[in-house]
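Asks: Would you mind keeping the following structure in view while I ask a few things?
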Ligand code: DX5
Ligand code: ZN
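In the numbering used here, the protein residues as written are 1 to 218.
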């Protein structure tokens, strides 16, 4: 049994002078999730936006806020993003901090939690956390920028993590992020993914309704 697919468009590819409008574009397609990319200029070589922007978006939106923290010290910002209205907060495995305590803290603040791994990070690094999370996010590009090509060498990792999920009867979502479109997303679906972040391909889609309909049928 696979979980039904969820499309989580990333407003990193939206209009940064009018992010509320980009969130409305997503809601207008009757989608439930929006993906919010938070960057600190250290863990990734780019900056995006912070809790104040998330709080402002929250005022005009009932979407599920899937908040992806690309931060060296995510534990320092969990409370701020929970307070800003995030529904799910995901944190990377690569930096050194207390991952288990931070995952627990996210739940204690009333949010779902997620653990994220970069394309070159082995699946084994997140295995100890599988029973503690609501979502595993497999990066399918090196994080930091939208519009990069999908890395097909991550498909095996999806199969591995989905295999662990099945063997152990776990129910976390398996999300992919980076270079996802209807072709690469379908490959990820076949490898076990059920939650699809899409920035460029969603906002640039000529027929967005057809895009959404196609993915919903996976
Ligand atoms: C990359 C971000 C992604 C990004 C995806 O660092 O984590 O969420 O917005 O953008 P596309 O779909 O354009 O690769
Ligand atoms: Zn992301």
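From the three backbone atoms N, C-alpha and C, an ideal C-beta is built for every residue, glycine too.
In this structure, does DSSP put residue 197 in helix, strand or coil?
Replies: Locating residue 197 in the chain shown gives position 197, where the first residue counts as 1. Residue 197 falls in the strand class under three-state DSSP.
Asks: I need the residues with a C-beta less than 6 Å from some heavy atom of the ligand ZN; please give them in chain order.
Replies: Qualifying residues, in the order they occur: 10, 35, 37, 68, 177, 197.
Asks: On a CA-only basis, which of 31, 183, 2, 94 is nearest residue 8? Give me that one, please.
Replies: The count along the chain shown starts at 1 and reaches residue 8 at position 8. Closest by alpha carbon: 31.
Asks: Among all the DSSP beta bridges, which residues are the ones paired with residue 90?
Replies: As a first step, residue 90 must be located in the chain shown, where it is residue number 90. DSSP output for residue 90 lists 68, 114 as bridge partner(s).
Asks: Give the range of the beta strand (DSSP E) segment to which residue 177 is assigned.
Replies: Mapped onto the chain shown, residue 177 falls at position 177. From DSSP, the beta strand (DSSP E) with residue 177 extends over 173-177.
Asks: Considering only C-alpha positions, which residue in the set 165, 214, 145 is nearest to residue 14?
Replies: One-based indexing of the chain shown puts residue 14 at position 14. It is 145 whose Cα lies nearest to the Cα of residue 14.
Asks: With a cut-off of 8 Å on the beta carbons, I'd call residue 116 and residue 176 a contact; round off their distance for me.
Replies: Here residue 116 refers to the residue found at position 116 when the chain shown is read from its first residue. Here residue 176 refers to the residue found at position 176 when the chain shown is read from its first residue. Wrong, their Cβ atoms sit about 11 Å apart, outside the cutoff.
Asks: Hey, is residue 138 close to the ligand DX5, as in C-beta under 7 Å from one of its heavy atoms?
Replies: In the chain shown, the residue the question calls residue 138 occupies position 138. Because no heavy atom of the ligand DX5 lies under 7 Å away, the Cβ of residue 138 does not count as near it: no.
Asks: What does the alpha-carbon distance come out to for the pair residue 101 and residue 107?
Replies: The count along the chain shown starts at 1 and reaches residue 101 at position 101. The count along the chain shown starts at 1 and reaches residue 107 at position 107. Going from the Cα of residue 101 to the Cα of residue 107 covers about 10 Å.
Asks: Which word fits residue 114, buried or exposed, when buried means at least 16 other C-beta atoms lie within 10 angstroms of its C-beta?
Replies: For the purposes of this step, residue 114 is taken as residue 114 along the chain shown, with counting starting at 1. Residue 114 should be labelled buried.
Asks: Pick from 163, 109, 194: whose alpha carbon is nearest that of residue 123?
Replies: Here residue 123 refers to the residue found at position 123 of the chain shown. The shortest Cα separation from residue 123 among 163, 109, 194 belongs to 163.
Asks: Within 10 angstroms of the Cβ of residue 240, are there 16 or more other Cβ atoms? Answer buried if so, exposed if not.
Replies: As shown, the chain starts at 1 and ends at 218. That puts residue 240 outside it, with no answer to give.
Asks: With a 10 Å radius around its C-beta and 16 neighbouring C-beta atoms as the bar for buried, classify residue 76 as buried or exposed.
Replies: Taking the chain shown and counting its residues from 1, one reaches residue 76 at position 76. So residue 76 ends up on the exposed side.
Asks: Span of the alpha helix (DSSP H) holding residue 99?
Replies: Within the chain shown, numbered from 1, the residue matching residue 99 stands at position 99. Segment 99-108, the alpha helix (DSSP H) holding residue 99.
Asks: If you follow the beta strand (DSSP E) that residue 135 is part of, which residue opens it and which one closes it?
Replies: Here the question's residue 135 lines up with position 135 in the chain shown. Unbroken beta strand (DSSP E) run through residue 135: 135-139.
Asks: Assuming residue 127 contacts residue 97 under a Cβ cut-off of 8 Å, what Cβ separation, rounded to an integer in Å, is found between them?
Replies: Within the chain shown, the letter at position 127 stands for residue 127. Within the chain shown, the letter at position 97 stands for residue 97. Their Cβ separation, rounded to whole angstroms, is 18 Å, which puts residue 127 and residue 97 out of contact at 8 Å.
Asks: Looking at the strands, I want to know which residues DSSP matches up with residue 8.
Replies: Residue 8 sits at position 8 when you count from the first residue of the chain shown. 197.
Asks: Identify the continuous alpha helix (DSSP H) that holds residue 57 and give its terminal residues.
Replies: Residue 57 sits at position 57 when you count from the first residue of the chain shown. Its alpha helix (DSSP H) spans residues 51-59.
Asks: Suppose contacts are defined by Cβ-Cβ distances below 8 Å. Is residue 195 in contact with residue 173 by that definition?
Replies: For the purposes of this step, residue 195 is identified with residue 195 of the chain shown, where counting begins at 1. For the purposes of this step, residue 173 is identified with residue 173 of the chain shown, where counting begins at 1. Yes, the pair counts as a contact, with Cβ atoms nearer than the cut-off.
Asks: Going by C-alpha to C-alpha distance, which of 6, 58, 4 sits closest to residue 19?
Replies: The residue given as residue 19 occupies position 19 in the chain shown. The shortest Cα separation from residue 19 among 6, 58, 4 belongs to 58.
Asks: Quick check on DSSP: helix, strand or coil for residue 33?
Replies: Indexing the chain shown from 1 puts residue 33 at position 33. It is a strand residue.
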